[in-house]
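Student: Numbering-wise, the sequence shown is residues 35 to 478 according to this note's numbering.
Think of the CB as a built atom: it goes at the ideal place given N, C-alpha and C, for glycine as much as any other residue.
Got a structure here, written out as structure tokens. Questions coming.
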Amino acid sequence: MTHDESRALYDRALSVLAGGVNSSVRASMPYPFFVENGDGAYVIDADGNRYLDYVMGYGPLLYGHDLPEPVEAAVQSHASSGPMYGAPTEVEVDLAEFVARHVPSVEMLRFVNSGTEATVSAVRLARAYTGRDKIVVMQGGYHGAQESTLVEGDRESTQPSSPGIPDSFAEHTITVPFNDADTAADVFENHGHDIAAVLTEPILGNMGVVMPVDGYHETLRELCDEYGSLLIFDEVITGFRVGGLGCAQSELGVTPDLTTLGKIVGGGFPVGAIGGRAEIVEQFTPGGDVFQSGTFSGHPVTMAAGLETLRYAAENDVYDHVDALGEQLRAGITDVLAERAPEYTVVGTGSIFKTIFTRDGRDGADHCEAGCRQREDCPNYNACPKTGADVAAAETNRWERVFWQEMKDHGIFLTANQYESQFVSYAHTKKDIQRTIDAYQDAL
Ligand SMILES: *Cc1c(COP(=O)(O)O)cnc(C)c1O
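Here is the structure:
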């Protein structure tokens, strides 16, 4: 496997693109491979190397790199009839109706162009609706590149996690550990009447994968109801991935007030959305007075790609296929770990998977067979990550510097750090999964 072309491209990129990339996670070490094209479950780089792809664009690609025929046809037809107008189109209404019909919390929505934009607008909406400033977020949760949620610290003291963000943004944000109902209750007891919203991913998807423990989201729901705060589920990564067309909220059985969407709902094109109860969402301008606007929002090509993507999933065995392969993969890796690295933890659900390089010893008996489910009666319950901090304490360097490289040499493209989720697509096959398990066996 040679990488001369990618190295040369990265050399050029470093002169004109910040860090040589347009999104920081792409700058894998020592240099990223540049993609020439996709092919089903595979990507082919500038040097002609083929990789079995589990990055899947960091989440949007439910079908892999070959769009189903109706998706491709709709994209081409909308692109060639004039890409966008600055006037509304039918396909925006069609996609909004589809989402509202399937996602429990969504009666009405507003489309935007990224997950970041969705969470920014959702927080603004929640603050305006409640007339309060504070928001509660999870340590290790990710809501895109927005000022109010790029924070670190704990409930006592939250600071911006990036230079360039005034401390005054973080003053209104309270960070709590995921899965810790007592801390959440305590924070509400002290600040409840100032809290506009709790903003959380239903499953932490950008900090390893951390599943909620039983009752956690129910507790958040009750606290929000008691204090008149809004519960916002950021389903940018779980939406139309976990829980099928109903998203993770339908699987969890907890209905938030607002939901942010992105990734899959744009069918591979830039997208975000804020959905929820009509009486809240209609506060956006022009119906209400909470400013929200965007030149490209509801872009017809994106809307068409999203609509046909979801329709295809409704009419075919898409979720059964990807979920079964996800199960096969997590189960296979679990078996490999039992022999090779019993301290590590397989996580994920549906078509999401990750291996967290946890350091604690564990007891092999009666554990979850295809990814941690946070079962209280599991002998490994205390060793499985519950919070972002638990994931951060894992062997991150081994993942990045040794394991990821080794898998790449086996022709398998995983996310380049310990934290980002990985995805099985509709284009993957059982054979691909077996090959991947064999590569884990070699690389661990
Ligand atoms: C990806 C992601 C975002 C940010 O979306 P962008 O489109 O990258 O701005 C926000 N929240 C979650 C949960 C995500 O996974």
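Cutting at 7 Å between CB atoms, please list the residues of its own chain near Phe325, excluding the five before and the five after it.
Tutor: Within the same chain, Phe325 has close Cβ partners Thr319.
Student: Between the alpha carbons of Tyr250 and Glu141, how many angstroms are there, rounded?
Tutor: Whole-angstrom Cα-Cα distance: 25 Å.
Student: Tell me the start and end of each unbroken beta strand (DSSP E) in the stretch 139-164 that is at least 3 residues and wholly inside, in chain order.
Tutor: Taking only runs of at least 3 residues, the beta strand (DSSP E) segments lying wholly in the stretch 139-164 are 142-146.
Student: Are there three or more Cβ pairs, one per stretch, closer than 8 Å when the stretch 377-389 is compared with the stretch 347-361?
Tutor: Segments in contact, yes.
Student: In terms of alpha-carbon separation, which member of Gly277, Gly306, Leu359, Met35 lies closest to Lys465?
Tutor: Checked all of Gly277, Gly306, Leu359, Met35; the closest Cα to Lys465 is Leu359.
Student: Taking just the CA atoms, how far does Gln173 sit from Asn240?
Tutor: Roughly 11 Å between the two C-alpha positions.
Student: Buried or exposed, going by whether 16 or more other CB atoms sit within 10 Å of the CB of Glu124?
Tutor: Burial call: exposed.
Student: Using a threshold of 7 Å, is the CB atom of Gly296 nearer than that to any non-hydrogen atom of ligand 1?
Tutor: Yes, Cβ of Gly296 sits closer than 7 Å to a heavy atom of ligand 1.
Student: Could you compute how far the alpha carbon of His444 sits from the alpha carbon of Gln317?
Tutor: Those two C-alpha atoms are separated by around 52 Å.
Student: Here's the rule: buried if 16 or more other CB atoms are within 10 angstroms of the residue's CB, otherwise exposed. What is Tyr119?
Tutor: Exposed is the call here.
Student: Compare the C-alpha of Gly9 against each of Gly98, Leu143, Arg46 and name the closest.
Tutor: No answer is possible for residue 9: it lies beyond the span of the chain, which begins at 35 and ends at 478.
Student: Could you please give the first and the last residue of the uninterrupted alpha helix (DSSP H) stretch that includes Phe222?
Tutor: Segment 215-225, the alpha helix (DSSP H) holding Phe222.
Student: Taking the alpha carbon of Asp268 as the reference point, which residue from Glu349, Ser155, Ala375 has its own alpha carbon closest?
Tutor: Answer by Cα proximity: Ser155.
Student: Provide the residue span of the alpha helix (DSSP H) that contains Val50, from first to last.
Tutor: Residues 38-50.
Student: Three or more beta-carbon pairs under 8 Å between the stretch 229-245 and the stretch 282-294, yes or no?
Tutor: Touching, yes, given that three or more Cβ pairs across the two stretches are closer than 8 Å.
Student: Please indicate yes or no: does the CB of His177 lie closer than 7 Å to some heavy atom of ligand 1?
Tutor: Flag set: Cβ of His177 near ligand 1.
Student: So the candidates are Gly98, Tyr44, Leu184; which of them puts its Cα closest to the Cα of Ala461?
Tutor: The shortest C-alpha separation from Ala461 is found at Gly98.
Student: Using a Cβ-based criterion (distance less than 7 Å to any ligand heavy atom), does Asn240 qualify as near ligand 1?
Tutor: Yes, Cβ of Asn240 sits closer than 7 Å to a heavy atom of ligand 1.
Student: Should Glu126 go down as buried or exposed, given a rule of 16 or more other Cβ atoms within 10 Å for buried?
Tutor: Flag for Glu126 reads buried.
Student: Which residue comes first and which comes last in the alpha helix (DSSP H) that contains Phe203?
Tutor: Here the alpha helix (DSSP H) through Phe203 covers 201-204.
Student: Which of the three DSSP states is assigned to Glu373 in this structure?
Tutor: Glu373 falls in the helix class under three-state DSSP.
Student: Within a Cβ cutoff of 6 Å, which residues of the same chain sit near Tyr176, ignoring the five residues on either side of it in sequence?
Tutor: Closer than 6 Å at the Cβ level, and outside the excluded window around Tyr176, lie Asn240.
Student: Pick helix, strand or coil for Ala121, following the three-state DSSP scheme.
Tutor: If DSSP states are grouped into helix, strand and coil, Ala121 belongs with coil.
Student: Would you say the beta carbon of Gly116 is closer than 7 Å to some non-hydrogen atom of ligand 1?
Tutor: For ligand 1, not one heavy atom lies less than 7 Å from the Cβ of Gly116.
Student: Over what stretch of residues does the beta strand (DSSP E) that includes Tyr85 continue unbroken?
Tutor: Where Tyr85 is concerned, the enclosing beta strand (DSSP E) stretches over 84-87.
Student: Given that a residue counts as buried once 16 or more other Cβ atoms are within 10 Å of its Cβ, and exposed if not, what is Glu349?
Tutor: With fewer than 16 other Cβ atoms within 10 Å, it is exposed.
Student: State the start and end residues of the unbroken beta strand (DSSP E) segment that holds Ile271.
Tutor: Looking at the DSSP string, Ile271 is not in any beta strand (DSSP E), and its letter there is neither H nor E.
Student: Return the chain-ordered list of same chain residues with a C-beta closer than 8 Å to the C-beta of Trp433, the five sequence neighbours on each side being excluded.
Tutor: For Trp433, where only same-chain residues beyond five positions count, the Cβ hits under 8 Å are Phe391, Asn451, Gln452.
Student: Taking Gly300 as the reference, which of Glu70, Gln456, Ser148 has the closest Cα?
Tutor: With distances taken between Cα atoms, Gly300 lies closest to Ser148.
Student: Hey, is Val137 close to ligand 1, as in C-beta under 7 Å from one of its heavy atoms?
Tutor: Outside the cutoff, so no.
Student: With a threshold of 7 Å on Cβ separation, who are the neighbours of Ser331 within its own chain once the five nearest residues in sequence on each side are excluded?
Tutor: Phe145, Val146, Asn147, listed in sequence order.
Student: At what residues does the beta strand (DSSP E) containing Thr379 begin and finish?
Tutor: It spans 379-381 - the beta strand (DSSP E) in which Thr379 sits, taken as one unbroken run.
Student: With 16 as the cutoff for other CB atoms within 10 Å, does Asp167 come out buried or exposed?
Tutor: Exposed, since its Cβ has fewer than 16 Cβ neighbours within 10 Å.
Student: How do the stretch 220-229 and the stretch 402-409 stand: do at least 3 beta-carbon pairs fall below 8 Å, yes or no?
Tutor: No, they do not touch.
Student: Using the three-state DSSP reduction, which class does Val55 fall into: helix, strand or coil?
Tutor: Here Val55 sits in coil by DSSP.
Student: If you follow the alpha helix (DSSP H) that Thr192 is in, where does it begin and where does it stop?
Tutor: Looking at the DSSP string, Thr192 is not in any alpha helix (DSSP H); the run it does join, the beta strand (DSSP E), is 192-194.
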